[in-house]
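S.K.:
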Amino acid sequence: AGGLAEALFQPADEEDLAAFLKAVPEEIPLTIVGVGSNLLVRDGGIPGFVVRLSAKGFGEAEVISPIRIKAGAAAPDKRVAAVALEAGIGGFHFYHGIPGAIGGALRMNAGANGVETRERVVEVRAVDRRGNALTLSNSEMGYAYRHSAAPAGLIFTS
6 AGGLAEALFQ PADEEDLAAF LKAVPEEIPL TIVGVGSNLL VRDGGIPGFV
56 VRLSAKGFGE AEVISPIRIK AGAAAPDKRV AAVALEAGIG GFHFYHGIPG
106 AIGGALRMNA GANGVETRER VVEVRAVDRR GNALTLSNSE MGYAYRHSAA
156 PAGLIFTS
């Protein structure tokens, strides 16, 4: 049946997330959740803070050039595929059938139909556990099959 979160935080934007992380002691556990497509909570709930990136603050998916899309970590994969299709940008069709959001796709190198997230990523925005915002290149993500080597404490924002 699962359990409750001890506490929930939904940041308004990347700056709000960074301020929160700076204020929360590192010994308090954080659990980052997206749309919940890969989430199973056991009885007893989740200790510490659950951080959920809202669609309002992190759900954008927008065309930024004729060949590039900027997507927030809370943007549903299916929405990113639709934005790309509408703009005539190829190569994002594989996201259409993947449940979840871009943050999870970045973390686990989601893929389908022979295409993986790592083949489409140029750069990733994230905030670390100390509240520092940073930008990682594709190579810094350390992608492998259904995996990224990005530190577990990073929270992807776009």
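For the sequence shown, our numbering assigns the number 6 to the initial residue and increments by one for each residue that follows. Backbone N, C-alpha and C define an ideal beta-carbon position, used for all residues, glycine too.
(1) Mapping the DSSP letters down to three states, classify Val127 as helix, strand or coil.
(2) Apart from the five residues on each side of it in sequence, which residues of its chain come closer than 8 Å, Cβ to Cβ, to Ile33?
(3) Beta strand (DSSP E) containing Phe54: first to last residue?
(4) Buried or exposed, going by whether 16 or more other CB atoms sit within 10 Å of the CB of Glu121?
(5) If you drop the 5 nearest sequence neighbours on each side, which residues of the same chain put their C-beta closer than 6 Å to that of Ala76?
(6) Taking 7 Å as the cut-off, decide whether the C-beta atoms of Leu9 and Gly50 are in contact.
(7) Can you tell me which of Met146, Asn118 and Phe97 puts its alpha carbon nearest to the alpha carbon of Leu157?
(8) Just to confirm my understanding: we take Ile69, look at its own chain, exclude 5 residues before and 5 after, and list those with CB closer than 8 Å. What are they?
(9) Report yes if the C-beta distance between Ser162 and Ala110 is below 7 Å; otherwise report no.
(10) Tell me the rounded alpha-carbon separation between Leu13 and Val56.
(11) Can you grab the Cα-Cα spacing for the pair Gly62 / Phe25, in whole Å?
M.R.: In short:
(1) DSSP, read as helix, strand or coil, puts Val127 in coil.
(2) Gly53 and Phe54
(3) Ile51 to Arg57
(4) With 16 or more other Cβ atoms within 10 Å, it is buried.
(5) Ala66, Val85 and Ile107
(6) yes
(7) The identity of residue 157 in the sequence shown is Ala, whereas the question assumes Leu. Among Met146, Asn118 and Phe97, the Cα nearest to that of Ala157 is on Met146.
(8) Lys75
(9) Residue identity check: residue 162 is Thr in the sequence provided, not Ser. No. Outside cutoff.
(10) Rounded to the nearest angstrom, the gap between the Cα atoms of Leu13 and Val56 is 6 Å.
(11) 15 Å
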